[in-house]
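For reference, the structure discussed in these notes is given below.
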Amino acid sequence: MIRVFIVADSAIVQAGLAAIVRTERVEVVGCAAQVNELQIEQLAVEVVLISTELSAETLDATLPLLDVEPPIPAILWLVDPLQAAWIAEAERLGIAGLLPQDASAREIVAAIEAAAVGLVVLHPEIASQLRHPTPTVALTPSLTQREIEILRMLAEGMANKTIARQLYISEHTVKFHISSIFAKLGVSSRTEAVTIGIRQGLILL
Numbered sequence: 071m072i073r074v075f076i077v078a079d080s081a082i083v084q085a086g087l088a089a090i091v092r093t094e095r096v097e098v099v100g101c102a103a104q105v106n107e108l109q110i111e112q113l114a115v116e117v118v119l120i121s122t123e124l125s126a127e128t129l130d131a132t133l134p135l136l137d138v139e140p141p142i143p144a145i146l147w148l149v150d151p152l153q154a155a156w157i158a159e160a161e162r163l164g165i166a167g168l169l170p171q172d173a174s175a176r177e178i179v180a181a182i183e184a185a186a187v188g189l190v191v192l193h194p195e196i197a198s199q200l201r202h203p204t205p206t207v208a209l210t211p212s213l214t215q216r217e218i219e220i221l222r223m224l225a226e227g228m229a230n231k232t233i234a235r236q237l238y239i240s241e242h243t244v245k246f247h248i249s250s251i252f253a254k255l256g257v258s259s260r261t262e263a264v265t266i267g268i269r270q271g272l273i274l275l
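When we follow our numbering, the leftmost residue of the sequence shown carries the number 71, and every step to the right adds one.
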């Protein structure tokens, strides 16, 4: 049985998704409105199915799931295909699967089964948007509050270990955040990130 946890804004959506994906091979072990990495770890979840708005904040909230004690659960996200910029960011961060909100029950179950064995799932509709994004929506993702906080710590010359200790997160999660900061700012070093952060007013001298 594949152990699945569902994250959705409303109880109605949670119940609906649970009814759709529950099969002889898929067991729904829990539902919630927000991601809770401790709960995911305790329930030995294999696949997390998320149906919330794809944004800087929601992506930020899922990062700890990629840092739980192994085995790390696969993350499947039901998204709006027009959110090309955020979809690209989700893919870069290691989200296992991306499907449109109107994906069929068969497509969702197939994606769960594929993700559970380590495969990456990218629905054709999503892949098309990544190849040909709509100009009006392909905006550069902005930094989250946590990323701004870490950027300011980088400006102070703090090492990853120090940042992790001060924020009560793992070094692995810090590295994820720094990688995300670099990608969003289009830089490849801490110095460049700090320089752009100062120019954009994210870091006050």
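Glycine is no exception: its CB is placed at the ideal position from the N, C-alpha and C atoms. It should be emphasised that the depicted structure is a prediction, and the values quoted were computed from it without experimental measurement.
Beta-bridge partners of residue i, as assigned by DSSP
i, result
"A144", "V117"
"R73", "E97"
"A102", "V77"
"G167", "L146, V191"
Alpha-carbon spacing of residue i relative to residue j, whole angstroms
i, j, result
"R92", "I165", "22 Å"
"P134", "G227", "24 Å"
"S212", "S121", "21 Å"
"A175", "I90", "6 Å"
"D150", "L189", "21 Å"
"L108", "I239", "13 Å"
"A225", "G100", "41 Å"
"T204", "L255", "Its pLDDT being 45, under 50, T204 is placed unreliably by the model, and the measurement read from it follows with that caveat. Roughly 21 Å separates the two Cα atoms."
"V115", "N106", "11 Å"
"G167", "L192", "6 Å"
"E139", "A85", "28 Å"
"Q171", "T214", "24 Å"
"A126", "L148", "16 Å"
Chain C within 9 Å of residue i, Cβ atoms only
i, result
"R92", "This model lacks chain C altogether; it includes just one protein chain."
Buried or exposed by the 16-neighbour rule on C-beta atoms within 10 Å, applied to residue i
i, result
"E94", "exposed"
"G271", "exposed"
"S250", "buried"
"L274", "exposed"
"L87", "buried"
"Q236", "exposed"
"A160", "buried"
"I82", "exposed"
Same chain, Cβ closer than 8 Å to residue i, neighbours up to 5 away in sequence not counted
i, result
"Q104", "V77, A131"
"L113", "R73, F75, V99, G100"
"V96", "M71, I72, V74, V179, I182, E183"
Cβ neighbours of residue i in the same chain (closer than 6 Å, five flanking residues each side left out)
i, result
"H247", "E217, I220"
"I244", "First, the amino acid is wrong: residue 244 is Val here, not Ile. Taken in chain order, the residues that qualify are N230, I233, A234."
"R260", "L224"
"D137", "S240, H242, T243"
7 Å CB neighbourhood of residue i in its chain, flanking five on each side removed
i, result
"V117", "I72, V74, P143, A144, L146, I182, A185, A186"
"D79", "A103, T122"
"E241", "N230, K231, A234"
"A263", "L221, L224, I251, F252, L255, V257"
Assumed close pair residue i, residue j - CB separation to whole angstroms, cut-off 8 Å
i, j, result
"L163", "L119", "About 17 Å; that fails the 8 Å criterion."
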